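Colleague:
In the numbering used here, the protein residues as written are 1125 to 1416.
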């Protein structure tokens, strides 16, 4: 049985999805399943994947669902994964040729029930590491990597599937966004990640991706953002400064969704009251950026 599921949420990305496929066909080991979650695509994604399945070069599992947003596609992936490990390969990214072998060899040698998975490096199309490299330590939580060790930039996260099946992302009517690291930061409360300071993935951010439309995401998905910020305020290990920043965003999202009860709903009332001025300013700024 395969050890790793590589899952790819996709929405109208037939124009670039072939790079994922080609990189997976080049892998030095085929001990994986490629799970494609088609989040309501209206292009020819289904026909493209059908052709790849017929080619039978790698094991592919295709799942279609009405559009729910990236977090909804992640929910579907985690519900259907049966392998020990999983990793998300975005539809605009591709793996290095030895990525799977690197991950599985490292896991075979270093795995433990006291860790949640592995964190690795990404690079851009020029071959430069995204952000900073990882610290020369054996393991750390994702939170500590970014807030204690000052790591910057997106990293590739490989998780034990029994953990990612927990902390399901909520779905909100007419909204399509909840921060994906909600799940990862909840897993941080259980175990750290093993650190593998090697590049396994090449990323190519698209102009239609969520990271390039964040202000509009805020405006269109206030309930998802409010949930996300409220959960992050409750993290047992987070600093007051971190929680205050979440409170500012919680205030802003609550104002955008016209929720008059947010002071009763916040898990950090004093911090939220202190965050009111900054939250109001952020709301005005978001409205300004999304009405130009």
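A virtual CB, placed ideally from N, CA and C, is assigned to each residue, including glycine. These figures come from a predicted structure and were not determined experimentally.
Rounded to a whole number of angstroms, what is the C-alpha to C-alpha distance between residue 1166 and residue 1341?
Modeller: Position 42 of the chain shown, counted from the start, is the residue given in the question as residue 1166. Position 217 of the chain shown, counted from the start, is the residue given in the question as residue 1341. Looking at the two C-alpha atoms, the distance is approximately 21 Å.
Colleague: Given that a residue counts as buried once 16 or more other Cβ atoms are within 10 Å of its Cβ, and exposed if not, what is residue 1206?
Modeller: Numbered from its first residue, the chain shown carries residue 1206 at position 82. Answer is exposed; the Cβ neighbour count stays below 16.
Colleague: Tell me, please, which residues DSSP counts as bridged to residue 1140.
Modeller: Here residue 1140 refers to the residue found at position 16 of the chain shown. Bridge partners of residue 1140: none, in fact.
Colleague: Tell me the start and end of each unbroken beta strand (DSSP E) in the region 1166–1206 that is at least 3 residues and wholly inside, in chain order.
Modeller: Segments of the beta strand (DSSP E) lying fully in the region 1166–1206: 1184–1189.
Colleague: Name the residue from 1305, 1374, 1391 whose alpha carbon lies nearest to the alpha carbon of residue 1400.
Modeller: Reading the chain shown from its first residue, position 276 is the one you call residue 1400. Ranking the options by Cα distance to residue 1400, first place goes to 1374.
Colleague: Taking C-beta to C-beta, are residue 1302 and residue 1293 nearer than 8 Å?
Modeller: Taking the first residue of the chain shown as 1, we reach residue 1302 at position 178. Taking the first residue of the chain shown as 1, we reach residue 1293 at position 169. Going by C-beta atoms, residue 1302 is nearer than 8 Å to residue 1293.
Colleague: Pull the bridge partners of residue 1132 from the DSSP assignment, please.
Modeller: As a first step, residue 1132 must be located in the chain shown, where it is residue number 8. Paired residue(s): 1160.
Colleague: Near residue 1161, what residues of its chain come up, given a Cβ to Cβ distance below 6 Å and the 5 sequence neighbours on each side ignored?
Modeller: One-based indexing of the chain shown puts residue 1161 at position 37. 1133, 1187, 1197, 1200, 1201, listed in sequence order.
Colleague: Leaving out five residues on either side along the sequence, give the residues of the same chain with a beta carbon under 7 Å from the beta carbon of residue 1152.
Modeller: Within the chain shown, numbered from 1, the residue matching residue 1152 stands at position 28. Within the same chain, residue 1152 has close Cβ partners 1221, 1222, 1225.
Colleague: Starting from the C-beta of residue 1356, find all residues in its chain whose C-beta is less than 6 Å away, skip the five residues before and the five after it, and write them out in chain order.
Modeller: Taking the chain shown and counting its residues from 1, the one referred to as residue 1356 is at position 232. Taken in chain order, the residues that qualify are 1370.
Colleague: In chain order, which alpha helix (DSSP H) runs of at least 4 residues are fully inside the region 1344–1402?
Modeller: Runs found: 1346–1357, 1364–1380, 1386–1389, 1393–1398.
Colleague: Within the chosen definition, does the region 1234–1253 reach the region 1310–1323 through at least 3 CB pairs nearer than 8 Å?
Modeller: These segments touch.
Colleague: Leaving out the 5 sequence neighbours to the left and right, which residues in its chain are closer than 8 Å to residue 1272 when beta-carbon positions are compared?
Modeller: As a first step, residue 1272 must be located in the chain shown, where it is residue number 148. Excluding positions up to five away in sequence, the list reads 1264.
Colleague: Taking DSSP's pairing of strands, which residues face residue 1283 in a bridge?
Modeller: Residue mapping note: residue 1283 aligns to position 159 of the chain shown, counting from 1. Answer by DSSP bridge pairing, in chain order: 1210, 1241.
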